[in-house]
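There are 2 protein chains.
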Amino acid sequence: MEARINPSPPSGKDLPGEKAERIIEAMRQSVARRGVAGSTFDHVAREAGVSRGLLHYYFGTKERLLVEVVRREADLRFDALDAQLAEAQDADAFLRLLQTSVDEMLRTDPTYVTLTFELFTLAKRNEEVAEGYRDLMQRTRKHLADSLRAKEQEGVLHLTADPESVADVLFSVGDGLTMRVLAEPDRDFGPAIAAAIRSLRGLLDDA
Amino acid sequence: MEARINPSPPSGKDLPGEKAERIIEAMRQSVARRGVAGSTFDHVAREAGVSRGLLHYYFGTKERLLVEVVRREADLRFDALDAQLAEAQDADAFLRLLQTSVDEMLRTDPTYVTLTFELFTLAKRNEEVAEGYRDLMQRTRKHLADSLRAKEQEGVLHLTADPESVADVLFSVGDGLTMRVLAEPDRDFGPAIAAAIRSLRGLLDDA
DNA sequence: CATTACTGGCTGGCTGGCCAGAAAGACAGA
DNA sequence: TCTGTCTTTCTGGCCAGCCAGCCAGTAATG
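Each protein sequence line maps, in turn, to chains F and Y. Residues 10 to 216, numbered by our numbering, are exactly what the first sequence covers, in order. Residues 10 to 216, numbered by our numbering, are exactly what the second sequence covers, in order.
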């Protein structure tokens, strides 16, 4: 009766938690589009193709559902990063790939940026979400830092600060500029982005 | 009957719009603390010491009240910036002052950072707020850019990009790092901030 | 038949906005 | 200075709508 959260494989034809997956993904998209407040169980359930009650059955509360959303967000972020950065062969290429990665995301689907900010504001008011968000930040930083370390050992980059700090700064600039681009989509941020990249290059390669 | 918004001086002992001021300030603090959704007219009215109805009388809707909050936010931001940056005599001092300004704000009262993010997420869903937010971004950028230009003419700085772009990048890094500090208050961001400053220095002075 | 997975009606609480009218001036005349 | 009237400012009760969570009960599974 009090199973909750991934109550074990539904035995039969379905993947374990296949419905739970659909709920999380529906919530993810809904939060990006409508915000946390606008993402009612009613809407999300309809979009996931399940009943409203199931959301409670699996997750109990909205907050716990959001924590799962954050977790999934981290996975998606990692995949995107790894795919983009793997092939960089020097600092310039690395930054260029980072930039096009952000560009592309903004043009095709700004879901996860929006979601990140939405979760950040909620984290201020809910400890469960806050913990999930901290975890997301830490894992993301760690992940990029590992990539940076690897690239350094390959001789592709020469970091002028510890990898974690570099990762923090890279993500910070990325988030800050993204926020501005989203707020003023008609403005040309080309020069600002170019300036940012020039400025960041000093962290990746002082040769 | 349809006066609305600063309906003219209340003639007598009070300052013009003194109550409106109190409402805006109460809303500002409430949004920072409880978020937009949690800032009900009931709470805000009580904290401003007025009746709930007066909020409608002055502002009509919650959105329009929020737009006023954004406007006030810009003024506060300008004052803080001007006060801090006026005395900088070289690029390093400029960045140092920028940093201590952010530090101090974080330690004493992170109200306006929180508020800024809160408004950003709301802007995604409300055109009135979005316009106010764009305006805030533009005016803030313009303001810092003007400061930068002035410092350049004084010979204090030598910008390596147009002032608006430099302002964008400075604020972006500031916002991004601030977000991270707020999310992980126990982590030591000293090295990351140092790295950011080293990196940004290239935008202010290539001598 | 027992257990687990799932449904959807219900409810109590809350919210933004509306509005009828009270309170507080403003002004004029005596 | 008092009084009566008009206007502006301000109040708080009311309402319709919405929502998260609860739960009694149904379907599926083994």
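All residues carry an ideal CB built from backbone N, CA and C; glycine is no exception.
Per DSSP, cross-strand counterpart(s) of ASP214(Y): As a working note, residue 214(Y) is residue 205 in the second sequence. Its beta-bridge partners are HIS167(Y).
How big is the Cα-Cα spacing for GLU108(F) and GLN93(Y)? Numbered from 1 along the first sequence, position 99 holds the residue referred to as residue 108(F). Numbered from 1 along the second sequence, position 84 holds the residue referred to as residue 93(Y). In the sequence on display, residue 108(F) carries Gln and not Glu. Roughly 32 Å separates the two Cα atoms.
For the region 89-167 of chain Y, list the alpha helix (DSSP H) runs that are entirely contained and at least 4 residues long, ordered along the chain. 100-117, 120-132, 136-162
Do three or more CB pairs link the region 171-187 of chain F to the region 151-162 of chain Y at distances below 8 Å? no
My assumption, with CB atoms under 8 Å, is that PHE50(F) sits in contact with ALA192(Y). Please give the rounded CB distance. Working through the first sequence from its first residue, we reach residue 50(F) at position 41. Working through the second sequence from its first residue, we reach residue 192(Y) at position 183. Contact flag wrong, Cβ pair sits at about 27 Å.
ARG31(Y) beta carbon less than 7 Å from that of ALA57(Y): Here the question's residue 57(Y) lines up with position 48 in the second sequence. Here the question's residue 31(Y) lines up with position 22 in the second sequence. Yes; because the gap between Cβ atoms is below 7 Å, this pair is in contact.
Which same chain residues, not among the five before or five after GLU295(Y), have their C-beta less than 7 Å away from its C-beta? Outside the modelled stretch of chain Y, which goes from 10 to 216, sits residue 295(Y), for which no answer is possible.
Name the chain F residues whose beta carbon is nearer than 8 Å to that of TYR67(Y)? As a first step, residue 67(Y) must be located in the second sequence, where it is residue number 58. Within chain F, no residue comes near TYR67(Y); the closest Cβ sits about 24 Å away, beyond 8 Å.
In three-state terms, what does DSSP make of GLU4(F)? Because chain F here runs from 10 to 216, residue 4(F) falls outside it and cannot be looked at.
Looking at the C-beta of LEU209(Y), does it have a partner C-beta in chain F at a distance below 7 Å? Residue 209(Y) sits at position 200 when you count from the first residue of the second sequence. It does; some Cβ of chain F falls within 7 Å.
PHE50(Y) - containing alpha helix (DSSP H), residue span: The residue labelled residue 50(Y) in the question sits at position 41 within the second sequence. 50-57 is the span of the alpha helix (DSSP H), which, as asked, contains PHE50(Y).
Spell out a yes or no on whether the region 40-47 of chain Y and the region 201-214 of chain F are touching, meaning 3 or more CB-CB pairs, one atom from each, closer than 8 Å. no
Helix, strand or coil at PRO172(Y) according to DSSP, with G and I counted as helix: Locating residue 172(Y) in the second sequence gives position 163, where the first residue counts as 1. In this structure, PRO172(Y) counts as helix in the three-state DSSP scheme.
Residues of chain F with a CB under 7 Å from the CB of SER174(Y): which are they? Taking the second sequence and counting its residues from 1, one reaches residue 174(Y) at position 165. Result: PRO200, ALA201, ALA204.
With DSSP as the reference, label ARG196(F) as helix, strand or coil. The count along the first sequence starts at 1 and reaches residue 196(F) at position 187. If DSSP states are grouped into helix, strand and coil, ARG196(F) belongs with coil.
Within its chain, find whatever has a CB closer than 8 Å to the CB of LEU115(F); leave out the 5 residues flanking it on each side and keep chain order. Indexing the first sequence from 1 puts residue 115(F) at position 106. Cβ within range, chain order: VAL122, THR187, VAL190, LEU191.
With the cut-off set at 7 Å, would you say GLY185(Y) and GLY185(F) are in Cβ contact? Position 176 of the second sequence, counted from the first residue, corresponds to residue 185(Y). Position 176 of the first sequence, counted from the first residue, corresponds to residue 185(F). Yes, these two residues count as a Cβ contact at 7 Å.
Classification of SER48(Y) by the beta-carbon crowding that lies within 10 angstroms, buried from 16 upward: Within the second sequence, numbered from 1, the residue matching residue 48(Y) stands at position 39. SER48(Y) should be labelled buried.
With DSSP run on the structure shown, which of helix, strand or coil describes LEU209(F)? Here residue 209(F) refers to the residue found at position 200 when the first sequence is read from its first residue. DSSP places LEU209(F) in helix when its eight states are reduced to three.
Do you know offhand how far SER60(Y)'s Cα is from ARG134(Y)'s? Your numbering for residue 60(Y) matches position 51 in the second sequence. Your numbering for residue 134(Y) matches position 125 in the second sequence. Taking the straight line from one Cα to the other gives about 28 Å.
Between LEU168(F) and LEU104(F), which are expected to be in contact by the criterion C-beta below 8 Å, what is the C-beta distance as a whole number of angstroms? Sequence index remark: in the first sequence, residue 168(F) carries index 159 (1-based). Sequence index remark: in the first sequence, residue 104(F) carries index 95 (1-based). Not quite, the Cβ-Cβ distance comes to about 13 Å (not below 8 Å), so this is no contact.
Assign PRO194(Y) to one of two classes, buried (16 or more other C-beta atoms within 10 Å of its C-beta) or exposed (fewer than that). Stepping through the second sequence from its first residue, residue 194(Y) is reached at position 185. Burial call: exposed.
Beta-carbon spacing of SER174(F), ALA204(Y) below 7 Å: To locate residue 174(F), count along the first sequence from 1; it is residue 165. To locate residue 204(Y), count along the second sequence from 1; it is residue 195. For SER174(F) and ALA204(Y), yes; Cβs fall inside 7 Å.
ALA89(Y) vs LEU145(Y) beta-carbon contact at 7 Å: Taking the first residue of the second sequence as position 1, residue 89(Y) is located at position 80. Taking the first residue of the second sequence as position 1, residue 145(Y) is located at position 136. The answer is no: Cβ separation not under 7 Å.
Rounded Cβ spacing between ARG37(F) and LEU124(F) (contact assumed at less than 8 Å): Indexing the first sequence from 1 puts residue 37(F) at position 28. Indexing the first sequence from 1 puts residue 124(F) at position 115. With a Cβ gap of about 6 Å, ARG37(F) and LEU124(F) count as contacting.
Please decide whether LEU186(F) counts as near chain Y, where near means a Cβ-Cβ distance under 7 Å. The residue given as residue 186(F) occupies position 177 in the first sequence. Closer than 7 Å to some Cβ of chain Y, the Cβ of LEU186(F) qualifies, so yes.
Could you list the residues in the region 126-150 of chain Y with a C-beta less than 7 Å from some C-beta on chain F, going in chain order? PHE126, GLU127, PHE129, THR130, ALA132, LYS133, ARG134, TYR142, ARG143, MET146
Counting C-beta neighbours from all protein chains within 10 Å, is the total for GLU163(Y) 16 or more, i.e. buried, or is it exposed? On the second sequence, residue 163(Y) is found 154 positions in, with the first residue counted as 1. Answer is exposed; the Cβ neighbour count stays below 16.
CB contact check: ILE177(Y) to chain F, cutoff 7 Å: Taking the first residue of the second sequence as position 1, residue 177(Y) is located at position 168. Correcting the residue identity first, residue 177(Y) is Asp in this sequence and not Ile. Judged by the 7 Å Cβ criterion, ASP177(Y) is in contact with chain F.
Mapping DSSP to helix, strand and coil, what is LYS22(F)? The residue given as residue 22(F) occupies position 13 in the first sequence. Note that LYS22(F) scores a pLDDT of 35, beneath 50, so its modelled location is shaky and nothing firm can be said.
Cβ neighbour criterion (16 or more within 10 Å) applied to LEU64(Y): Numbered from its first residue, the second sequence carries residue 64(Y) at position 55. The residue is buried, with at least 16 neighbouring Cβ atoms inside 10 Å.
Alpha carbons only, please: which of ASP171(Y), ARG80(Y), GLU161(Y), VAL111(Y) is nearest the one belonging to ILE206(Y)? As a first step, residue 206(Y) must be located in the second sequence, where it is residue number 197. Selected option, being the one with the closest Cα: VAL111(Y).
Assuming the contact rule is C-beta atoms closer than 8 Å, ARG86(Y) and ILE33(Y) should be a hit. Round their C-beta distance to whole Å, please. Along the second sequence, read from residue 1 onward, the residue named residue 86(Y) stands at position 77. Along the second sequence, read from residue 1 onward, the residue named residue 33(Y) stands at position 24. Actually they are not in contact, since the Cβ atoms of ARG86(Y) and ILE33(Y) sit about 15 Å apart, beyond 8 Å.
So, for LEU131(F): in the same chain, excluding its five sequence neighbours on each side, which residues have a beta-carbon less than 6 Å away from its beta-carbon? The residue labelled residue 131(F) in the question sits at position 122 within the first sequence. So the qualifying residues of the chain are VAL45, VAL138.
Excluding sequence positions up to five away, which residues of its chain have a Cβ less than 8 Å from the Cβ of VAL165(Y)? Along the second sequence, read from residue 1 onward, the residue named residue 165(Y) stands at position 156. Closer than 8 Å at the Cβ level, and outside the excluded window around VAL165(Y), lie ALA97, GLN98, ASP99, ALA100, PHE103.
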